[in-house]
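S.K.: Residue numbers (this note's numbering): 21 to 342.
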Ligand code: NAP
Ligand code: G4F
């Protein structure tokens, strides 16, 4: 019998890669489609799987739609990836972010508890919860100190996941994922903003690239590697929380340099620092320790930052040339 999975956020970067992974394993994949006026299926189309997933109307802020989705999909595994995921917007839309990313996760947990408490649940937690870091390298025991409304909302969802595991015995795991990127990354995030701009500058379509704080450091990995960790978590006998990261941290400046050098351009000629992109509070450094995931899940990242960024530049060049 094929397993059934339900994914919130199926139209996002991770939702698309996770769908591809699960379809490859023989799952029937169902996804919540929050209706938007513009085309949100482009990532699923790009991976050639838009017709293979089964979409169900719903929204994380509407518990009744989630209950119906659990019933319709008959899900054995539920992956809560849906979110207002752009940190920068969370200061402009703090209440929406709290409703979708915080209360929304609680809604999914409630739907699981009501419809099928035996279903396995995955919560998309984030290294943003570490914020003002309390240890040089962050692992599952590092105290949290969120620095954005997004981080605060995600922290609520994280603790709700732990709480439902401890209160009701749900198989509920929280993946504390550090930044992960791909050619399917939204254009507002810094890696994709950079790789798209580098490709445009190379093709003569744009002159400059405007960024905010280029001294912040991130632990960047490839989204395709990270969705495997999500699946591995739901396959374990016991639910638990895991840090998923590469163990290497790099400044935005260096990431940017890799992109420019890949196409033989000088970063200094194009980069403009623009205060408009500086945030009210910054997460200066993130560096994750994935030792537990390696030991217990057998998970390791396979893609270097150089492979990731140059691959994203190449993908943007191909797209723009078409
Ligand atoms: P993403 O590309 O921004 O995708 C977000 C998804 O959430 C989209 O499918 C979006 O639908 C959906 N969504 C937004 N509001 C919704 C609502 N009210 N109801 C239902 N769905 C809604 O994000 P991602 O990079 O794939 O990340 C996946 C998850 O991991 C997110 O929860 C994110 O916060 C978390 N995370 C990401 C990273 C990372 O580096 N990528 C790291 C740690 C944690 P539309 O397409 O219709 O907008
Ligand atoms: O790419 P970013 O917007 O990612 P950020 O804020 O780290 O959040 C991402 O990773 C989190 C995991 O840690 C996820 F939970 C979250 O959903 C999201 O996927 O910014 C990265 C860094 C920041 O320090 C930002 O200030 O790049 C800096 N930056 C500098 N100039 C910029 C820009 N970021 C963006 N988006 N745009 C700029 O122009």
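Built from N, CA and C at the ideal position, the CB exists for glycine as well.
Model, not experiment: these values are computed from the prediction.
Would you mind stating whether residue 340 and residue 190 have Cβ atoms separated by less than 8 angstroms?
M.R.: Taking the chain shown and counting its residues from 1, the one referred to as residue 340 is at position 320. Taking the chain shown and counting its residues from 1, the one referred to as residue 190 is at position 170. Against a cut-off of 8 angstroms, the Cβ pair of residue 190 and residue 340 comes out as no contact.
S.K.: Entirely within the stretch 203 to 275 and at least 4 residues each: give me those alpha helix (DSSP H) ranges in chain order.
M.R.: Here the runs fully enclosed are 210 to 222, 243 to 255.
S.K.: Within the continuous alpha helix (DSSP H) that includes residue 134, where are the two ends?
M.R.: Counting from 1 along the chain shown, the entry for residue 134 is found at position 114. Note, residue 134: alpha helix (DSSP H), 124 to 135.
S.K.: Residues around the ligand NAP, please: the ones whose beta-carbon is closer than 5 angstroms to some heavy atom of it, in chain order.
M.R.: With the cut-off at 5 angstroms, the residues found are 29, 31, 32, 33, 34, 54, 56, 60, 79, 80, 101, 102, 103, 105, 120, 144, 146, 197, 199, 200.
S.K.: Express the C-alpha separation of residue 105 and residue 22 in angstroms, rounding to a whole number.
M.R.: On the chain shown, position 2 is the one that residue 22 refers to. On the chain shown, position 85 is the one that residue 105 refers to. Cα-Cα distance, rounded: 31 angstroms.
S.K.: On a Cα-Cα basis, can you pick out the residue from 335, 138, 155, 244 that is closest to residue 98?
M.R.: Residue numbering aside, residue 98 sits at position 78 when the chain shown is read from its first letter. Closest by alpha carbon: 138.
S.K.: Could you check where the beta strand (DSSP E) with residue 197 kicks off and where it finishes?
M.R.: Against the chain shown, residue 197 aligns to sequence position 177. Run containing residue 197: 191 to 197, per the beta strand (DSSP E) assignment.
S.K.: Would DSSP call residue 51 helix, strand or coil?
M.R.: Start at 1 with the first residue of the chain shown, and residue 51 comes out as number 31. Looking at residue 51 - three-state DSSP - the assignment turns out to be strand.
S.K.: Rounded to whole angstroms, how far is the Cβ of residue 195 from the Cβ of residue 262, which I believe are closer than 8 angstroms?
M.R.: Translated into the one-based positions of the chain shown, residue 195 becomes position 175. Translated into the one-based positions of the chain shown, residue 262 becomes position 242. Right, their Cβ atoms sit about 6 angstroms apart.
S.K.: Starting from residue 145, trace the beta strand (DSSP E) both ways and give me its first and last residue.
M.R.: Looking up residue 145 in the chain shown gives position 125. Its beta strand (DSSP E) spans residues 140 to 146.
S.K.: Using a threshold of 7 angstroms, is the CB atom of residue 23 nearer than that to any non-hydrogen atom of the ligand G4F?
M.R.: Taking the chain shown and counting its residues from 1, one reaches residue 23 at position 3. For the ligand G4F, not one heavy atom lies less than 7 angstroms from the Cβ of residue 23.
S.K.: Pull up the distance between the alpha-carbon of residue 289 and that of residue 201, whole angstroms please.
M.R.: As a position in the chain shown, residue 289 is number 269, starting the count at 1. As a position in the chain shown, residue 201 is number 181, starting the count at 1. About 25 angstroms.
S.K.: For the ligand G4F, is there any heavy atom lying closer than 7 angstroms to the beta carbon of residue 115?
M.R.: The residue you call residue 115 lines up with position 95 of the chain shown. No, the Cβ of residue 115 stays beyond 7 angstroms of every heavy atom of the ligand G4F.
S.K.: Less than 7 angstroms separating the Cβ of residue 45 from some heavy atom of the ligand G4F?
M.R.: The residue given as residue 45 occupies position 25 in the chain shown. Result no, Cβ not under 7 angstroms from the ligand G4F.
S.K.: If you follow the beta strand (DSSP E) that residue 37 is part of, which residue opens it and which one closes it?
M.R.: One-based indexing of the chain shown puts residue 37 at position 17. Per DSSP, residue 37 belongs to no beta strand (DSSP E); it is in the alpha helix (DSSP H), 33 to 44.
S.K.: For residue 155, list the residues DSSP reports as bridge partners.
M.R.: Here residue 155 corresponds to residue number 135 of the chain shown, with the count starting at 1. Per DSSP, none; premise fails for residue 155.
S.K.: Kindly indicate the opening and closing residues of the beta strand (DSSP E) around residue 183.
M.R.: If you number the chain shown from 1, residue 183 lands on position 163. Looking at the DSSP string, residue 183 is not in any beta strand (DSSP E); the run it does join, the alpha helix (DSSP H), is 169 to 188.
S.K.: Please report the straight-line C-alpha distance between residue 50 and residue 100, rounded to a whole angstrom.
M.R.: Within the chain shown, numbered from 1, the residue matching residue 50 stands at position 30. Within the chain shown, numbered from 1, the residue matching residue 100 stands at position 80. Answer to the nearest angstrom: the Cα atoms are 12 angstroms apart.
S.K.: Does residue 304 pass the burial test, meaning 16 or more other C-beta atoms within 10 Å, or should it be called exposed?
M.R.: Locating residue 304 in the chain shown gives position 284, counting from the first residue. Residue 304 should be labelled exposed.
S.K.: I want to check one thing, is the minimum distance from the CB of residue 124 to the heavy atoms of the ligand G4F below 7 angstroms?
M.R.: Within the chain shown, residue 124 is the residue found at index 104, counting from 1. No, the beta carbon of residue 124 sits no closer than 7 angstroms to any heavy atom of the ligand G4F.
S.K.: Are the stretch 39 to 47 and the stretch 66 to 86 touching, with three or more C-beta to C-beta distances below 8 angstroms?
M.R.: Contact holds: three or more Cβ-Cβ distances are below 8 angstroms.
S.K.: In terms of alpha-carbon separation, which member of 158, 88, 66 lies closest to residue 53?
M.R.: Along the chain shown, one-based indexing puts residue 53 at 33. Nearest option by C-alpha distance: 88.
S.K.: By how many angstroms is the C-alpha of residue 272 removed from the C-alpha of residue 121?
M.R.: Start at 1 with the first residue of the chain shown, and residue 121 comes out as number 101. Start at 1 with the first residue of the chain shown, and residue 272 comes out as number 252. Their backbone Cα atoms lie some 26 angstroms apart in a straight line.
S.K.: What's the gap between the Cα of residue 247 and the Cα of residue 291?
M.R.: The residue you call residue 247 lines up with position 227 of the chain shown. The residue you call residue 291 lines up with position 271 of the chain shown. Rounded to whole angstroms, residue 247 to residue 291 spans 32 angstroms at the Cα level.
S.K.: Tell me whether the beta-carbon of residue 123 lies closer than 8 angstroms to the beta-carbon of residue 218.
M.R.: Within the chain shown, residue 123 is the residue found at index 103, counting from 1. Within the chain shown, residue 218 is the residue found at index 198, counting from 1. No, they are not a contact pair.
S.K.: Does the beta carbon of residue 164 fall short of 7 angstroms from some heavy atom of the ligand G4F?
M.R.: Translated into positions along the chain shown, residue 164 becomes position 144. Outside the cutoff, so no.
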